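Taking it in order: structure first as structure tokens, then the write-up.
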Amino acid sequence: MLDSTMILIRFSAYGAWVDIRNHFGRTRLGTLWNALGLTALIAALGLFFGTILKNELAGYAAYLPFLTAGVLVWAFLSASINQSCSVFGTRAQTLRHTAQPFAAIPISTVMRNLIIFLQNTVLAVIIYGVVFGSFPVHLPAFITGAVLVAANVLWISALAALACIRFRDLPQLIAGTLNVAFFLTPILWQEHFLGRYAILADINPAYHLISLVRLPLLGGAPTALSWMVGLAMLGVGSAVTVIAYAQARQKIPYWL
Amino acid sequence: MASITVTDASVRFPLYDAWSRSFKRRFARATVGQGLAAADGDKVYIEALSNITLAISAGDRVAVLGGNGSGKTSLLRVLGGMLAPTSGSVNIDGQSATILDTGFGFDPSASAYDTIVLRSILAGKSQPEIRSVIESIAAFSELNSELDSPIRNLTPGHIFRLGTGLAFFLGTDIVLYDEVFEAGSPDFVVKTKDHILSDFPDAGIVIVVERSRAILEDLCNKAIIIEKGRILDFDSFGSVMARHGPAYTI
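Quick note, the sequences are listed as chains A and B, same order. Here the first sequence is numbered in my numbering, starting from 157 and rising by one per residue. Here the second sequence is numbered in my numbering, starting from 480 and rising by one per residue.
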């Protein structure tokens, strides 16, 4: 079992690297294009929402890092899940004619987006350090939080990939849900805006996943509740995903 | 030693319409229940294979012959372990590589080099072994600069060379060809046949879907005739050719 797990990880990792090379290989800036796109988004959102919400915020210096960290994690999460929804369909011809582990496809997708997320995060930290003269990152908490978030994104993406190859209206449903979730999660706005409705953040799993990475990036540490939610999601979600793949493995070629 | 045993296997492909593919409809049925219940009769199936029973042993070189849409490719996918039968069973002992068709089975955006690395990883090769595999495939398949090209830019002949190289140098016990010899150049087809006859493990299995009698005569000791998803004949190559040769080979 360890051998087949290592083969799965190596195959997925090399597949992710090939995807990145194929996607960005012939561009002048490579994966930095992704960082540029996010920078433009953050600048536009920061300027707009920082201005209209200025009475509720402590200032741009506090809001922009908060917004940046949230957008970076959300970009990783939503890109992984959205891309996984179509990944079996786009590779159907290959999958029909080779015996390869199906789970490797969404795992590759998440790994690819994880590499890009880490690149963007390092760049953001460097820019923050240059602008504000310090690097407040709580590195141990960031690493453990990022690992937990990545593991959760992994099972969610794998399950989404499986469900979407069976039910062809699910990709649209998932994309729509993620769009709504973006606005309902404290990314553009801070959780203290909720006032006495703070529980709406506490019951939002996306809020906890984002907090696991955002707070360490801003020099803090995630709450015990966020850790518990992240670990509980991982435990239940990964078990459901493993069972789903075991049950569906022989049916997937008939769904392609 | 490689072996393939198929017992009463059938393959039925469901033809999904929009309703069958709808999560919304499935969810509504699960919650509303009776009002939206649908009988299994509204599903349409294609019976690709029906009650297939056969045993292929170590050392067999099997020709699979049949008309268009007879189930040859579905049979190959079952024998190669890519498709589990909807009923019955298949037991495969050995590692299979499939060359189903030129271009299929390879990611068109990956380079030939990356394809070799990925397939080698799947075969459990270490980094030094992968380097050795790449050298062996490049030498046998006579692919040099083509290794850096994406699969979509390679000719069917190059893909045939790549797939054959992968089959021969990844420790594969079971090789399956699906009407790809016509894509190969004559000298490479001869090279492939010679390799199968002399260097491919005696205990391995080769299964070939091909219409050229000349190619099959050199390679195969057994033959299967399949029509409408059922096996019409399975016997020694000579016997099957005597009974059915003109109808299924050129």
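All C-beta atoms in this analysis are idealised placements derived from N, C-alpha and C, irrespective of residue type, glycine included. Bear in mind that the values here come from a model prediction, so they are computed numbers and not experimental data.
Is residue i helix, strand or coil by DSSP?
i, result
"Ile312 of chain A", "helix"
"Asp593 of chain B", "helix"
"His524 of chain B", "Reading off the sequence shown, one finds Tyr at residue 524 of chain B, where the question assumed His. Strand, per DSSP."
"Ser664 of chain B", "coil"
"Val293 of chain A", "coil"
"Ala395 of chain A", "helix"
"Leu494 of chain B", "strand"
"Asp652 of chain B", "coil"
"Val286 of chain A", "helix"
"Leu544 of chain B", "strand"
"Ser588 of chain B", "coil"
"Arg722 of chain B", "helix"
"Ser549 of chain B", "coil"
"Asp463 of chain A", "Since the first and last residues shown for chain A are 157 and 412, residue 463 of chain A lies out of range."
"Ala259 of chain A", "coil"
"Ala517 of chain B", "Because the pLDDT at Ala517 of chain B is just 49, under 50, the model does not fix this residue reliably, and the value given afterwards should be weighed accordingly. DSSP places Ala517 of chain B in coil when its eight states are reduced to three."
"Pro378 of chain A", "coil"
"Ala576 of chain B", "strand"
"Gly215 of chain A", "coil"
"Phe679 of chain B", "coil"
"Gly181 of chain A", "coil"
"Leu622 of chain B", "coil"
"Gln275 of chain A", "helix"
"Thr254 of chain A", "coil"
"Glu689 of chain B", "coil"
"Asn360 of chain A", "coil"
"Ala602 of chain B", "coil"
May I ask you to list the residues that DSSP assigns as paired with residue i?
i, result
"Ala563 of chain B", "Note: Ala563 of chain B sits in no beta bridge, so no partner."
"Arg610 of chain B", "Looking at the DSSP assignment, Arg610 of chain B forms no beta bridge with any residue, so it has no partner."
"Val485 of chain B", "B:Leu533, B:Val569"
"Pro342 of chain A", "BP columns for Pro342 of chain A are empty, so no partner."
"Glu706 of chain B", "B:Arg709"
"Ile684 of chain B", "B:Ile653"
"Asp714 of chain B", "B:Ala702"
"Pro629 of chain B", "B:Ser590"
At least one CB of chain A closer than 7 Å to the CB of residue i: is that the case?
i, result
"Asp519 of chain B", "Here the model assigns Asp519 of chain B a pLDDT of 49, short of 50, so the residue's position is not dependable and the matter cannot be decided."
"Asp470 of chain B", "Because chain B is modelled from 480 through 729, residue 470 of chain B falls outside the range shown and cannot be assessed."
"Gly560 of chain B", "yes"
"Asp593 of chain B", "yes"
"Asp572 of chain B", "no"
"Lys503 of chain B", "yes"
"Asp487 of chain B", "no"
"Ser730 of chain B", "Absent from the model: residue 730 of chain B. The displayed extent of chain B is 480 to 729, so no value can be given."
"Ser566 of chain B", "no"
"Ala563 of chain B", "yes"
"Arg722 of chain B", "no"
"Gly717 of chain B", "no"
"Ala589 of chain B", "yes"
"Asp586 of chain B", "yes"
Which whole-angstrom value describes the C-beta separation of residue i and residue j, a residue pair presumed to lie in contact below a C-beta threshold of 8 Å?
i, j, result
"Ile525 of chain B", "Ser575 of chain B", "Contact doesn't hold; Cβ gap of about 24 Å is too wide."
"Val485 of chain B", "Ile531 of chain B", "5 Å"
"Ala337 of chain A", "Thr397 of chain A", "Actually they are not in contact, since the Cβ atoms of Ala337 of chain A and Thr397 of chain A sit about 20 Å apart, beyond 8 Å."
"Asn360 of chain A", "Leu340 of chain A", "7 Å"
"Leu554 of chain B", "Ile483 of chain B", "Incorrect: roughly 11 Å between the Cβ atoms, too far for contact."
"Ser590 of chain B", "Asp627 of chain B", "6 Å"
"Gly548 of chain B", "Ile705 of chain B", "Actually they are not in contact, since the Cβ atoms of Gly548 of chain B and Ile705 of chain B sit about 11 Å apart, beyond 8 Å."
"Ile261 of chain A", "Val243 of chain A", "5 Å"
Quick one: is residue i near chain B, going by C-beta distance under 7 Å?
i, result
"Asp325 of chain A", "yes"
"Gln346 of chain A", "no"
"Thr250 of chain A", "yes"
"Gln406 of chain A", "yes"
"Ile330 of chain A", "no"
"Pro409 of chain A", "yes"
"Phe338 of chain A", "no"
"Arg268 of chain A", "no"
"Ile263 of chain A", "no"
"Ile165 of chain A", "no"
Can you pull out the residues from the region 170–188 of chain A whose beta carbon lies closer than 7 Å to at least one beta carbon of chain B?
Tyr170, Gly171, Val174, Asn178
Residues of the region 647–668 of chain B in Cβ contact with chain A at a cutoff of 9 Å, in chain order, please.
Asp657
For the region 596–617 of chain B, list every residue whose C-beta sits within 9 Å of some C-beta in chain A, in sequence order.
Val596, Leu597, Arg598, Ile600, Leu601, Ala602, Gly603
Contact set between the region 235–259 of chain A and chain B, restricted to residues whose Cβ is under 9 Å from the partner
Arg247, Gln249, Thr250, Leu251, Arg252, His253, Thr254, Ala255, Gln256, Pro257
Members of the region 619–650 of chain B that neighbour chain A once the beta carbon cut-off is set at 7 Å
none
Counting only Cβ-Cβ distances shorter than 7 Å, please list the residues of the region 683–715 of chain B near chain A, keeping chain order.
none
Could you list the residues in the region 527–557 of chain B with a C-beta less than 8 Å from some C-beta on chain A, going in chain order?
Arg556
Residues from the region 294–318 of chain A in contact with chain B, defined by Cβ distance under 7 Å
none
Of the residues that make up the region 670–684 of chain B, which ones have a beta carbon closer than 8 Å to any beta carbon in chain A?
none
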